[in-house]
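*Asks:* Protein chains in written order, with the working numbering: chain A, 120 to 377; chain B, 120 to 377. The beta-carbon is built from N, C-alpha and C at its ideal position, and this holds for glycine as well. Have a look at this one before I ask anything.
There are 2 protein chains.
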Amino acid sequence: MTQPAIGDAFGEMIRDAYAVHIGVGPRPLAGGRYPRPVIEVIERDDGLINGALAGHYLSEPADWRPFDHRAMSLCRGRALDIGVGAGRTAVELQRRGVAVTGLDTSAGAIEVARKRGLRDTVLNTVDEFSRASVRYDTFLLLGNNLGLIEGPERAPLFLAALARLANPGALIVAQGTDPYGTTDPVQVAYHEGNRARGRLGGQLRLRLRYREIASDWFDYLNCSVAELESLVAGTSWRLKSIDDRDHPYYLAVMEFTG
Amino acid sequence: MTQPAIGDAFGEMIRDAYAVHIGVGPRPLAGGRYPRPVIEVIERDDGLINGALAGHYLSEPADWRPFDHRAMSLCRGRALDIGVGAGRTAVELQRRGVAVTGLDTSAGAIEVARKRGLRDTVLNTVDEFSRASVRYDTFLLLGNNLGLIEGPERAPLFLAALARLANPGALIVAQGTDPYGTTDPVQVAYHEGNRARGRLGGQLRLRLRYREIASDWFDYLNCSVAELESLVAGTSWRLKSIDDRDHPYYLAVMEFTG
Chain A
120 MTQPAIGDAF GEMIRDAYAV HIGVGPRPLA GGRYPRPVIE VIERDDGLIN
170 GALAGHYLSE PADWRPFDHR AMSLCRGRAL DIGVGAGRTA VELQRRGVAV
220 TGLDTSAGAI EVARKRGLRD TVLNTVDEFS RASVRYDTFL LLGNNLGLIE
270 GPERAPLFLA ALARLANPGA LIVAQGTDPY GTTDPVQVAY HEGNRARGRL
320 GGQLRLRLRY REIASDWFDY LNCSVAELES LVAGTSWRLK SIDDRDHPYY
370 LAVMEFTG
Chain B
120 MTQPAIGDAF GEMIRDAYAV HIGVGPRPLA GGRYPRPVIE VIERDDGLIN
170 GALAGHYLSE PADWRPFDHR AMSLCRGRAL DIGVGAGRTA VELQRRGVAV
220 TGLDTSAGAI EVARKRGLRD TVLNTVDEFS RASVRYDTFL LLGNNLGLIE
270 GPERAPLFLA ALARLANPGA LIVAQGTDPY GTTDPVQVAY HEGNRARGRL
320 GGQLRLRLRY REIASDWFDY LNCSVAELES LVAGTSWRLK SIDDRDHPYY
370 LAVMEFTG
């Protein structure tokens with residue numbers, strides 16, 4: 120099999136999902152005739168593949184999960200929404216009067232977030248952007264984006280980049296998932312295989328695929344609260360609170376101590 | 120990346136789709152908590168990947184496309200529904216009093232078709248089953264299953280197998296798709312690449328992936344009516360009629376002349 124081309128798979132998907140959402144512009148069709156749902160395909164390095172409806176990246180607050188609403192209410196001051204995607208949460212924060220910047224590495228996602236009215240956007244990595252002179256009071260990692268801390272190697276670097284962008288007392292509000300409650304043999308075997316290779320059990324190795332394009336492979340971390348605690352130890356952040364009312368999903372608040 | 124295990128990917132998917140459909144039994148969940156839609160992932164040998172909602176394999180007549188209804192009305196006598204899947208069309212034919220047998224190579228699909236009430240099912244290939252002593256008056260290749268003729272090498276063998284099962288005057292009612300109307304560069308390049316390798320343009324090389332399981336790679340043919348005509352030439356079948364009112368989809372009726 121030919122390997123797919125590497126590109127902005129996420130952005131291409133978000134562009135199509137947005138076209139379907141607003142009903143304007145070229146939309147994916149089956150046989151040039153019937154609407155084709157926009158589906159995000161996520162491939163894992165053990166061969167597991169999952170599909171998800173891309174429309175959830177454009178969902179309205181009424182359709183959000185409860186922890187998303189609680190995350191909103193933890194936001195204060197100037198906010199940086201990291202992995203802003205189509206602006207699902209950032210557009211709502213802006214509507215509520217929050218000074219919010221949306222950051223993403225996907226050009227297609229930033230394009231759609233801007234079309235949806237998000238005024239302040241940054242197409243960049245956290246590391247590059249952390250050299251800028253702006254400062255924030257809240258960093259948002261929603262939509263499971265605590266995963267962006269990747270794992271033990273990357274987490275201190277990621278948290279250091281946020282520290283460079285942090286006002287005194289700044290907060291990280293991150294939504295994560297504890298992966299270890301499952302008894303699914305496929306997941307249990309994956310966690311064990313990861314540990315055997317010196318990785319955290321839920322340190323997922325993923326790539327996105329959309330139509331003819333794939334992302335590069337990347338790490339994305341689902342971790343327990345105990346694991347998060349050890350990743351945060353020794354950084355200029357401290358774990359301030361955990362809201363796990365919707366277990367296995369949780370909201371972690373980290374406070375800047377630097 | 121580890122390659123996925125080879126197995127009954129279609130059947131696993133149909134089992135899950137059925138559990139979701141009836142709301143009984145273990146259903147796929149995200150994080151063990153929220154329902155996860157059952158999605159069929161179809162990978163093509165050029166790296167293209169598509170997702171589709173598996174629920175359409177369980178759709179009720181009210182949700183069918185118009186050509187499916189017209190196909191039903193072409194059915195006469197004893198019918199063999201080839202690639203019966205979850206029994207979408209066969210269960211409806213049985214309800215209408217047609218003596219219908221559902222054939223599939225997927226154990227999971229046959230299991231679900233039986234649970235949905237389809238009484239006469241065969242878990243087998245067309246080739247093996249064609250050694251049986253039963254005879255049919257109509258062979259159904261619906262849900263785009265004209266694709267099962269695969270291409271120039273396989274088509275005469277497939278049609279010969281159906282001939283062995285055919286009563287005098289038997290019909291094949293097949294739904295196909297003409298792939299050549301597109302201007303999508305990905306599709307046009309695929310058709311050209313196929314032709315350069317001596318294949319028909321729309322001779323797709325596919326595999327299904329569902330969760331940790333993949334099917335083997337297989338050929339599946341989307342062809343024009345002219346291509347179909349040349350594939351049927353020299354067999355004991357003749358192309359009797361084409362209904363292309365829903366172009367690029369069409370219904371082809373072939374008549375047994377042997």
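Taking 7 Å as the CB-CB limit, is Gly-166/B close to chain A?
*Replies:* Chain A, which has a Cβ nearer than 7 Å to the Cβ of Gly-166/B, makes this yes.
*Asks:* Return the first residue and the last residue of the alpha helix (DSSP H) that Leu-276/B is part of.
*Replies:* Note, Leu-276/B: alpha helix (DSSP H), 274-283.
*Asks:* Buried or exposed for Leu-148/A, please, with buried defined as at least 16 other CB atoms from any protein chain shown within 10 angstroms of its CB.
*Replies:* Classification for Leu-148/A: exposed.
*Asks:* Between the stretch 198-205 of chain B and the stretch 217-229 of chain B, are three or more C-beta pairs nearer than 8 Å?
*Replies:* The stretch 198-205 of chain B vs the stretch 217-229 of chain B: in contact.
*Asks:* For the stretch 316-346 of chain B, which residues have a CB atom closer than 9 Å to at least one CB atom of chain A, in sequence order?
*Replies:* Those would be Arg-324, Arg-326, Arg-328, Tyr-329, Arg-330, Glu-331, Ile-332, Ala-333, Trp-336 and Asn-341, in chain order.
*Asks:* Given a threshold of 16 other Cβ atoms within 10 Å of its Cβ, counted over all protein chains shown, does Pro-410/A qualify as buried or as exposed?
*Replies:* No information on residue 410/A is available, as it lies outside the stretch 120 to 377 that chain A covers here.
*Asks:* Of all the residues that make up the stretch 239-263 of chain A, which are near chain B by a beta-carbon distance shorter than 8 Å?
*Replies:* Per Cβ criterion, the list is empty.
*Asks:* Within the continuous alpha helix (DSSP H) that includes Asn-313/A, where are the two ends?
*Replies:* Its alpha helix (DSSP H) spans residues 304-315.
*Asks:* Looking only at C-alpha atoms, which of Trp-336/A, Asp-365/A and Ser-355/A sits nearest to Ala-128/A?
*Replies:* Nearest option by C-alpha distance: Trp-336/A.
*Asks:* Thinking just about the alpha-carbon of each residue, which of Glu-331/B, Leu-193/B and Leu-172/B is nearest to the one in Glu-374/B?
*Replies:* Minimum Cα distance to Glu-374/B is reached at Leu-193/B.
*Asks:* Taking the alpha-carbon positions, what's the Asp-363/A to Ala-173/B distance?
*Replies:* If I take the Cα positions, the gap works out to 32 Å.
*Asks:* Going by CA-CA distance only, name the one from Met-191/B, Asn-263/B and Gly-312/B that's closest to Cys-342/B.
*Replies:* It is Asn-263/B.
*Asks:* Which residues of the stretch 285-302 of chain A have a Cβ closer than 7 Å to any Cβ of chain B? Give them in chain order.
*Replies:* Cβ contacts with chain B come from Thr-296, Gly-300 and Thr-301.
*Asks:* Under 7 Å, do Gly-300/B and Gly-151/A count as touching if we go by C-beta distance?
*Replies:* Yes, these two residues count as a Cβ contact at 7 Å.
*Asks:* Just list the residues that DSSP pairs Gln-322/A with in beta bridges.
*Replies:* DSSP output for Gln-322/A lists Leu-340/A as bridge partner(s).
*Asks:* Along the alpha helix (DSSP H) that carries Met-120/B, what are the first and last residues, could you check?
*Replies:* Met-120/B -> no alpha helix (DSSP H), and no H or E assigned at all.
*Asks:* Who are the near neighbours of Gly-266/B in its chain, counting only those whose CB is closer than 6 Å to its CB and skipping five residues on each side?
*Replies:* These residues qualify, in order along the chain: Tyr-339 and Leu-340.
*Asks:* Taking the DSSP output, what are the residues bridged to Pro-68/A?
*Replies:* The structure shown has nothing for residue 68/A, since chain A only spans 120 to 377.
*Asks:* Let me make sure I understand the geometry here. Which of Pro-367/A, Ile-291/A and Arg-324/A has the alpha-carbon closest to that of Thr-376/A?
*Replies:* When only C-alpha atoms are compared, the closest one is Ile-291/A.
*Asks:* Give a yes or no on whether the minimum CB-CB distance between Ile-158/A and chain B is below 7 Å.
*Replies:* Interface residue, yes.
*Asks:* Once DSSP output is grouped into helix, strand and coil, what is the label at Glu-211/B?
*Replies:* Glu-211/B falls in the helix class under three-state DSSP.
*Asks:* Within the 7 Å Cβ cut-off, does Pro-145/A reach chain B?
*Replies:* It does not: the Cβ of Pro-145/A has no partner Cβ on chain B nearer than 7 Å.
*Asks:* Please tell me whether Gln-294/A and Leu-261/A are closer than 7 Å, where the distance is taken between their beta carbons.
*Replies:* It is a contact, given that the beta carbons lie within the stated cut-off.
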